[in-house]
Every structure is written in C-alpha cells, then in structure tokens.
Amino acid sequence: MNKIRYSEKNYLCEYDLSLEFFNELGIKINDIIPLRKVFILSTDNGRKILKKVNYDISRINFISDSLKYVEKDYKNIISYNVLKNKKNYLKWNNDLYVVMDILEGREASFTNPIEIKLCAENIALMHNASQGIREYLNNKYTTDVLDISLIDKYIYAYDNLNKIKKMILEYNHKNEFDELFMDNVDKYINEINILIDSLKKSDYLYIRSLKDKITICHNDLAYHNFLIKNQDVSIIDFDFMTIDLRINDLADFVLKAIKNAAFDMNKMTMVIDSYEEIAPLDMKEKKLISYILRFPKDFYAISMDYYYKKKKWDYEVFLNRLKGKLNNEIYRFELIDTLNQKFKI
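So for the sequence shown, this note's numbering puts the first residue at 219; every next one is plus one.
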C-alpha cells in the first residue's frame, strides 16, 4: 500500500464517512482503506473507489459521458457507478462524491520498457476508441466541447510569468527560489513568445479542424494512472480530461515516461513507435509534437504552484524541485533534437 502523504491525509480528513452518508450512497460497506486521495471500499458488490471531486456536476456528467463513449470500443478505463439516487454522483454537505468499480492491477513502472510500450499502445487504443467523440458531445451538449487552443494557453502562461516577474521585482527581500526564478524567467518568456508565433504560423489550427485528429485527452498520463495485470493495462483518473488533439496526450506521455529515466532517448523512440503501430501519425502531427515539447512546462508549473500556493509543500521541497527541473532542461532540448531527427523535421 502506498504511504499516505501529509497533504493527502489532510484531504482525506475532509471526507464524510458516516453511516448516514453510506446509506445515502446505497452501498453496504465492509471495510475502508485510504489510498492517495481516495478510499477503497470493500462492499457486498465488490471493491469500489470513493472519490470526493473538486469540480461541479456538469463536469462530472461531461467526464462520465466521455468515458461511456470510449468504453464502447475500449473497455480498460474507469467509469462512474449509478448510485441509489439514480445519478452518477452524490451531493452531500455541499461536497460531490463519485463511486467507481475498482480496476485490478499494480501501478505501471516507467523504468520497465515493456510496460512503457504497453502503456503507449493502450493510449493509442483509447484514442482510436474515441474517434468521433467531439461530434457526439457537440450534439449532446449543443456546444463545441473542443478545449481552448494551445495558443491561448501559452498566451496565458506568458502573461502569468510576466505578472510573477513584476511581483518579485517589488520584493525587498528575495529568497533563493526568487533569485533562481528571476535568473531564468526572461529566457522562458522569450521561448514561449517564439513558440506562440511558431504555432500561429504552423498547421496547428488546421489540424484541430480535422475530425480524425481529435480524441479524448487524459492530460495526466503518469505511472500511477496506469494499472497493469499480466499484459492488460487499464487507464484511470480522468479528472483533467479534455477533448483535443491526440498529440497533446502523446507529447505529455513522452515527457512523463522518460524524464524520470535520465531522459532515455531510446524509450522516447519506443513510445512513438509503439503508439504508431496502432495509431499512425502524419508528418504535420509529428512536427506539432516537437512544438508542444518546446513549452517550458516544468518551470511554468513549479512557478505557478509556488507563487500562487497551489501546492502545500515546504519551501525546501519547492526549491529542490525547481533546481531539479532547471538541471533537466538540457535533456529537454536534447529530446527535441532527437525527435526532430527521428521525424526528419
């Protein structure tokens, strides 16, 4: 069992585990075990996951409808149970809860190339199963469900880094994190500005108009969101899912699969090749993957987490993570160069 971190303990304490609550769920509980930010429930109807979500009912329904669509052709994903109230959620004391059947397996190991290959193949299978999802959801919700563009997201990031920079310039005292941020921020602001201009001049907006390039995007393809049992892989936790270009997911997975493995370029090649065995990419998509990897995601994320207090970490944790991310930058650029050579861009 994974050790429960302090921040997760605090979050788990916010759950209501009263008898009245479980009666309202319509579930008879035999045992409860904490895991990360959820509880594993042992019930008369098998093991289930209880999760308190931080989004609204419309988001719950959107995720549920998306997963049901994918599940028609790809079964290895988690989905929401319909509860006693005939809904896929329960509102209780102003909080929203969902229940899911547990998918058996252990977390994937990204140090194992065989498991990385299996995960890449299952991402491709999930994407293939979600072909046509944009049109289906557009009709269901009578609005376009396509996520906001990367161009708009990068403009937002550009503005945020400039705001943080302006804020720190007014500090009378700067700590080591502030100094490291200021030593690097102009470089990243310039990178993002060039990236925005490159995307505007590229085929990005055209590709987003093509039906076969738009799929469900998980957006958090970390090792703990893949469960492996024998050769079967299941994908869980779709809290951050969107409807967008499939290459967004692929680029995200490439980074996650190799950055904790000393940026092993062979694993990067294997990820792309394994994905393409099931879902081939065209040259325009391959070029865009290279663009997506140019965004300084790690520096931006740690800066937002620290200055906007999105994570409840100690200062030393933030500082060490920033240093680690800055040290990895040379490998990110090596990754982009290797990818460009592979794709002959």
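Using N, Cα and C, we set each Cβ at its ideal position, and we do this for glycine too. Being a predicted model, the structure only gives us computed values, none of them experimental.
Proximal residues to residue i (C-beta, below 8 Å), its chain only, five neighbours per side dropped
i: asparagine 299; result: Lys266, Asn306, Val316, Val317, Met318, Asp319
i: glutamine 559; result: none
i: leucine 413; result: Tyr372, Tyr509, Arg512, Phe513
i: aspartate 500; result: none
i: tyrosine 406; result: Leu379, Pro514, Phe517, Tyr518
i: serine 297; result: Ser282, Leu285, Lys286, Glu289, Met318, Asp319
Distance between residue j and residue i (C-alpha atoms, nearest Å)
i: lysine 293; j: lysine 270; result: 24 Å
i: methionine 483; j: threonine 556; result: 7 Å
i: leucine 387; j: lysine 381; result: 10 Å
i: methionine 385; j: histidine 391; result: 12 Å
i: asparagine 393; j: aspartate 401; result: 12 Å
i: alanine 440; j: threonine 361; result: 30 Å
i: leucine 463; j: cysteine 435; result: 7 Å
i: phenylalanine 239; j: threonine 261; result: 15 Å
i: valine 535; j: tyrosine 493; result: 35 Å
Exposed unless 16 or more other CB atoms sit within 10 angstroms - verdict on residue i
i: tyrosine 524; result: buried
i: serine 276; result: exposed
i: arginine 352; result: buried
i: glutamate 232; result: exposed
i: tyrosine 376; result: buried
i: leucine 237; result: exposed
i: asparagine 263; result: exposed
i: glutamate 333; result: buried
i: aspartate 449; result: For clarity, residue 449 is glutamine in the given sequence; the question names aspartate instead. Exposed, by the Cβ-count rule.
i: leucine 355; result: buried
i: lysine 485; result: buried
Contact under 9 Å by Cβ, residue i with residue j
i: lysine 504; j: isoleucine 563; result: yes
i: valine 472; j: valine 451; result: no
i: leucine 553; j: phenylalanine 444; result: no
i: glycine 323; j: isoleucine 446; result: yes
i: isoleucine 566; j: isoleucine 278; result: Residue 566 falls outside the range modelled here, since the chain spans only 219 to 563, and no answer is possible.
i: isoleucine 465; j: leucine 506; result: yes
i: leucine 364; j: isoleucine 432; result: yes
i: phenylalanine 517; j: glutamate 495; result: no
i: aspartate 421; j: lysine 502; result: yes
i: glutamine 349; j: aspartate 467; result: no
Local conformation of residue i per DSSP, three classes
i: glutamate 242; result: helix
i: lysine 515; result: helix
i: tyrosine 293; result: Residue 293 is actually lysine in this sequence, not tyrosine. Reduced to three states, the DSSP call for lysine 293 is coil.
i: lysine 304; result: coil
i: proline 331; result: helix
i: aspartate 438; result: coil
i: lysine 492; result: The sequence shown places serine at residue 492, not lysine. If DSSP states are grouped into helix, strand and coil, serine 492 belongs with the helices.
i: methionine 313; result: The identity of residue 313 in the sequence shown is aspartate, whereas the question assumes methionine. In this structure, aspartate 313 counts as strand in the three-state DSSP scheme.
i: arginine 464; result: helix
i: glycine 264; result: strand
i: methionine 318; result: strand
i: phenylalanine 561; result: helix
i: valine 535; result: helix
i: lysine 477; result: coil
i: arginine 324; result: strand
Cβ-based neighbour list, residue i, same chain, cut-off 7 Å, excluding 5 preceding and 5 following
i: phenylalanine 551; result: none
i: leucine 268; result: Val256, Phe257, Leu259, Tyr315, Val317
i: leucine 540; result: Phe395, Leu398, Ile520
i: leucine 308; result: Glu242, Leu243, Leu301, Tyr315
i: asparagine 311; result: Asp234
i: threonine 487; result: Lys560
i: methionine 459; result: Ile281, Ser284, Ile434, Cys435, His436, Asn437
i: aspartate 470; result: Asn437, Leu439
Contacting residues, own chain, Cβ-Cβ under 6 Å from residue i (five flanking each side not counted)
i: alanine 497; result: Ala342, His345, Asn346
Closer than 9 Å to chain C by CB, residue i
i: glutamate 353; result: This model lacks chain C altogether, as it is built from one protein chain only.
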